[in-house]
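K.L.:
Dropping a structure here in structure tokens format, bear with me for questions.
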Amino acid sequence: MNEIEWKNNYRVQVLVGLGVVIFLLLGYMFGIQPLLAEKDATTQTSMQLMDTIVDIRVDDRKSEKLVAETFKIMQDLEKTLSRFIEQSDVSRINENVGEWVKVSESTLEVIQLGMEMGERSQGTFDITVGAVLDLWGFGSGDHYVPNDAELEKTLVTVDYNKVEINMEEKQVRIPEGTVLDLGGIAKGYVVEQGIEFLRSKKVVRAIINAGGDISVIGRRPDDNPWRVGVQDPKKPTEIRWVLPLENTTVVTSGDYQRYFEHGGRRWHHIIDPRSGYPADDLHSVTIVGEIAAICDAISTAVFVLGWEKGIEFMERSADVEGILVGSDDVWISPGLAKVILTQ
């Protein structure tokens with residue numbers, strides 16, 4: 056699969072995910088659920104952001120300015136946190152290895168949380184995996200399957216413990232060879248900040264969907280929870296479960312989202328930072344919790360941990376619920392099993 060084919064595949068997956076959510080949310084407008092009253096008119100806008108389609112919906116027909124302000128906040132954060140945007144905080148850190156780099160409060164917060172998640176996951180989530188992702192070509196689209204020797208050489212650059220933070224001076228420093236990549240946590244953080252801004256403006260019903268990272272405020276106009284569909288990883292165009300959500304977040308990581316094919320095999324983008332290879336024990340992980348950035352990081356960490364260790368991690372994590380889909384079985388956390396709907 057060449058770069059164009061890979062990018063097109065990714066866009067299709069994003070659009071499918073977005074279409075699923077829109078279908079479930081708009082369903083009650085077309086007779087599946089009670090009709091919206093005039094006072095419940097909606098402002099809904101979509102925009103390309105963070106390499107995906109971001110959709111913001113606020114149940115207030117006079118909220119165009121508010122939605123625009125939310126997008127501006129999210130855009131500014133992307134310009135700060137993406138390593139692929141020139142002069143972002145992260146790109147400046149990567150360009151000045153071995154030196155202290157002054158960064159924003161947001162960048163400090165995300166890096167610190169990323170390091171905490173690295174510790175919590177015993178290194179299965181690592182914000183310094185950038186050089187390995189580059190070796191595979193997941194940043195550039197120029198895909199390549201590296202050999203063991205190449206991976207071994209690159210893996211010496213991966214260790215979140217080597218990231219230094221000076222909170223007082225708002226500075227960050229990484230060692231030679233290390234490439235900081237916040238992709239596994241930044242999208243959740245950006246969505247979270249968008250939701251918090253809407254809450255600060257007294258919004259009582261809203262949804263932000265960033266290519267499958269979905270956060271909601273309140274309940275639907277009919278006073279039922281929002282309903283969000285979870286794709287079947289083996290049949291990504293089909294809904295397998297429906298989750299009722301209220302003031303919470305759902306994030307899914309799957310091997311069907313970003314990948315390329317080589318040598319008769321599919322190589323996806325969720326890299327095990329310990330081996331350098333794509334994790335291969337699970338097909339998808341869905342995490343539900345209150346903090347989007349944490350859900351984002353945990354979905355990656357659990358995917359890398361695999362079936363047994365992933366379940367163990369979930370069982371000792373009181374702040375999240377989840378669904379793990381393996382080759383032959385599905386695990387649903389007890390709290391989620393009580394409310395989930397199976398299609």
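To convert, take the position in the sequence shown, counting from 1, and add 55; that gives my numbering. Even glycine gets a Cβ: it sits at the ideal position worked out from N, Cα and C.
With 8 Å set as the bound, which would you pick, yes or no: does the beta-carbon of Gly284 sit closer than that to a beta-carbon of chain B?
P.N.:
Of the protein chains in the structure, only one exists, and it is not chain B.
K.L.:
Less than 8 Å between the CB atoms is what I'm expecting for Ile182 and Gly173, so what's the real figure, rounded?
P.N.:
For this step, residue 182 is matched to residue 127 along the sequence shown. For this step, residue 173 is matched to residue 118 along the sequence shown. So it is a contact: roughly 7 Å between Cβ atoms.
K.L.:
For Glu401, which option in Asn151, Ser146, Gln142, Leu136 has the closest C-alpha, if you only look at C-alpha atoms?
P.N.:
Because the chain here runs from 56 to 398, residue 401 falls outside it and cannot be looked at.
K.L.:
With respect to the alpha helix (DSSP H) encompassing Asn149, which residues constitute its N-terminal and C-terminal limits?
P.N.:
Stepping through the sequence shown from its first residue, residue 149 is reached at position 94. First-last of the alpha helix (DSSP H) with Asn149: 144–150.
K.L.:
Please confirm if the stretch 124–132 is in contact with the stretch 96–116, defined as three or more CB-CB distances below 8 Å between the two stretches.
P.N.:
With the cut-off at 8 Å, the stretch 124–132 and the stretch 96–116 touch.
K.L.:
I need the straight-line Cα distance from Thr233 to Leu168, nearest angstrom please.
P.N.:
As a position in the sequence shown, residue 233 is number 178, starting the count at 1. As a position in the sequence shown, residue 168 is number 113, starting the count at 1. Straight-line Cα distance between these residues: approximately 18 Å.
K.L.:
Quick one: what does DSSP say Met105 is sitting in, helix, strand or coil?
P.N.:
One-based indexing of the sequence shown puts residue 105 at position 50. In the structure shown, Met105 sits in coil (DSSP, three-state: anything other than H, G, I, E or B).
K.L.:
Would you kindly work out how many angstroms separate the C-alpha atoms of Gly462 and Gln226, rounded to a whole number?
P.N.:
Because the chain is modelled from 56 through 398, residue 462 falls outside the range shown and cannot be assessed.
K.L.:
Going along the chain, which unbroken runs of the alpha helix (DSSP H) with 4 or more residues stay wholly within the stretch 159–238?
P.N.:
Runs found: 160–175, 185–191, 203–210.
K.L.:
In the DSSP assignment, find the beta strand (DSSP E) that holds Phe315 and state where it starts and stops.
P.N.:
Here the question's residue 315 lines up with position 260 in the sequence shown. Counting along the chain, the beta strand (DSSP E) containing Phe315 begins and ends at 314–317.
K.L.:
Near Val152, what residues of its chain come up, given a Cβ to Cβ distance below 6 Å and the 5 sequence neighbours on each side ignored?
P.N.:
Residue 152 sits at position 97 when you count from the first residue of the sequence shown. Result list for Val152: Ile229, Glu231, in chain order.
K.L.:
Can you have a look at Gln248 and say buried or exposed, based on whether 16 or more other CB atoms are within 10 angstroms of its CB?
P.N.:
Within the sequence shown, residue 248 is the residue found at index 193, counting from 1. Result: buried.
K.L.:
Going along the chain, which residues of its own chain have a beta-carbon closer than 6 Å to the beta-carbon of Leu206, five neighbours each way excluded?
P.N.:
By one-based count along the sequence shown, residue 206 stands at place 151. Gly331.
K.L.:
Grab me the residues of Leu360's own chain with a C-beta within less than 6 Å of its C-beta, minus the 5 sequence neighbours each way, in chain order.
P.N.:
By one-based count along the sequence shown, residue 360 stands at place 305. Correct list, in chain order: Thr179, Phe368.
K.L.:
If we ignore side chains and look at the alpha-carbon of each, how far apart do Val158 and Ser143 end up?
P.N.:
Here residue 158 is taken as the residue at index 103 of the sequence shown, counted from 1. Here residue 143 is taken as the residue at index 88 of the sequence shown, counted from 1. Whole-angstrom Cα-Cα distance: 9 Å.
K.L.:
Give me the Cβ distance between Asp327 and Gly381, rounded to the nearest whole Å; I'm assuming they're in contact under 8 Å.
P.N.:
Mapped onto the sequence shown, residue 327 falls at position 272. Mapped onto the sequence shown, residue 381 falls at position 326. About 16 Å; that fails the 8 Å criterion.
K.L.:
Quick check on this structure: which residue in Tyr199, Glu133, Val211 has the alpha carbon closest to the alpha carbon of Arg329?
P.N.:
In the sequence shown, the residue the question calls residue 329 occupies position 274. Residue Val211 is the option with its Cα nearest to Arg329.
K.L.:
Grouping DSSP H, G and I as helix and E and B as strand, with all else coil, what is Lys257?
P.N.:
Along the sequence shown, one-based indexing puts residue 257 at 202. DSSP places Lys257 in coil when its eight states are reduced to three.
K.L.:
In three-state terms, what does DSSP make of Ala265?
P.N.:
For the purposes of this step, residue 265 is taken as the residue at position 210 of the sequence shown. In this structure, Ala265 counts as strand in the three-state DSSP scheme.
K.L.:
Any idea which residues DSSP pairs Glu376 with across the strands?
P.N.:
Against the sequence shown, residue 376 aligns to sequence position 321. According to DSSP, Glu376 bridges with Val343.
K.L.:
In terms of residue numbering, what span does the beta strand (DSSP E) encompassing Ile387 cover?
P.N.:
The residue labelled residue 387 in the question sits at position 332 within the sequence shown. 385–387 is the extent of the beta strand (DSSP E) around Ile387.
K.L.:
Going straight from the alpha carbon of Met222 to that of Trp155, what length do you get?
P.N.:
Mapped onto the sequence shown, residue 222 falls at position 167. Mapped onto the sequence shown, residue 155 falls at position 100. Straight-line Cα distance between these residues: approximately 12 Å.
K.L.:
I want to know whether the stretch 295–309 touches the stretch 259–272 - three or more CB-CB distances under 8 Å.
P.N.:
At 8 Å Cβ cutoff, the stretches touch.
K.L.:
Buried or exposed: where does Ser118 fall if 16 or more other Cβ atoms within 10 Å of its Cβ makes it buried?
P.N.:
Position 63 of the sequence shown holds residue 118. By the neighbour-count rule (16 or more Cβ atoms within 10 Å), Ser118 is buried.
K.L.:
Looking at Gly243: is its Cβ nearer than 8 Å to the Cβ of Val340?
P.N.:
One-based indexing of the sequence shown puts residue 243 at position 188. One-based indexing of the sequence shown puts residue 340 at position 285. Cβ atoms of Gly243 and Val340: not closer than 8 Å.
K.L.:
Which residues bound the beta strand (DSSP E) around Val122?
P.N.:
Position 67 of the sequence shown, counted from the start, is the residue given in the question as residue 122. Segment 119–136 is the alpha helix (DSSP H) holding Val122; no beta strand (DSSP E) there.
K.L.:
So is Glu132 buried or exposed if we call it buried at 16+ other beta carbons inside 10 Å?
P.N.:
Within the sequence shown, residue 132 is the residue found at index 77, counting from 1. One detail in the question is off: residue 132 reads as Leu in this sequence, not Glu. So Leu132 counts as buried.
K.L.:
Going by other Cβ atoms of all chains shown within 10 Å of its Cβ, with 16 needed for buried, is Arg112 buried or exposed?
P.N.:
The count along the sequence shown starts at 1 and reaches residue 112 at position 57. So Arg112 counts as buried.
K.L.:
When you compare only the Cα positions, how much space is there between Trp386 and Ile366?
P.N.:
For the purposes of this step, residue 386 is taken as the residue at position 331 of the sequence shown. For the purposes of this step, residue 366 is taken as the residue at position 311 of the sequence shown. Distance between the alpha carbons of Trp386 and Ile366 is about 8 Å.
K.L.:
Judging by CA-CA distance, which residue of Asp106, Arg116, Ser161 is the nearest neighbour of Gln140?
P.N.:
Taking the first residue of the sequence shown as 1, we reach residue 140 at position 85. Here residue 140 is Ile; the residue named in the question, Gln, does not match the sequence. Of Asp106, Arg116, Ser161, the residue nearest in Cα terms is Asp106.
K.L.:
Count the other C-beta atoms from every protein chain shown that fall within 10 angstroms of the C-beta of His324, then say buried if there are 16 or more, exposed otherwise.
P.N.:
Here residue 324 corresponds to residue number 269 of the sequence shown, with the count starting at 1. Its Cβ being crowded by 16 or more others within 10 Å, His324 is buried.
K.L.:
From what residue to what residue does the alpha helix (DSSP H) around Glu293 run?
P.N.:
Working through the sequence shown from its first residue, we reach residue 293 at position 238. No alpha helix (DSSP H) contains Glu293, which is instead part of the beta strand (DSSP E) from 290–300.
K.L.:
Check Trp362 in the structure and name its three-state DSSP category.
P.N.:
The count along the sequence shown starts at 1 and reaches residue 362 at position 307. Three-state DSSP puts Trp362 in a helix.
K.L.:
Could you tell me which of Gln312, Glu293, Asp203, Ala261 sits nearest to Arg116, measuring between CA atoms?
P.N.:
As a first step, residue 116 must be located in the sequence shown, where it is residue number 61. If we check each option's Cα against that of Arg116, Ala261 comes out closest.
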